[in-house]
Amino acid sequence: MYQTMEGNARPHRTAQCFAEGSQYSMPATQAELLRTLQSVSDDIMRLAGKLHAGRDATDEDAVTITEQQELAQHLIGQLLTMPASQP
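Each number in our numbering corresponds to the 1-based position in the sequence shown with 205 added.
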């Protein structure tokens, strides 16, 4: 089928869908995955410190850290399935 250049040139919105919480649309490039993984890792470390110190920690923080850990594992899995870059 014929596709126009204009239609093919539209940017993919995977990063935005990911930010909105869609579990099916994940960042598509290695850079996006790494950037998202860094953000998730920062959140995990912040929440872990908060939970360990016991100051202002809530049950919601415990749930959030578990969700962030699951997301990090999923991102790592996606990175591991990506083809290695050529030198």
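Cβ atoms here follow ideal geometry from the backbone N, Cα and C, with glycine treated the same way.
As the structure is a prediction and not an experimental result, all values here were calculated from the model.
Can you tell me whether threonine 263 is helix, strand or coil according to DSSP? coil
* Compute the distance between the beta-carbons of aspartate 266 and leucine 276, then report whether it is under 7 Å. => no
- Query: serine 244 lies in the alpha helix (DSSP H); which residues open and close that run?
  - Reply: 235 to 258
Leucine 252 and isoleucine 270: beta carbons closer than 7 Å? yes
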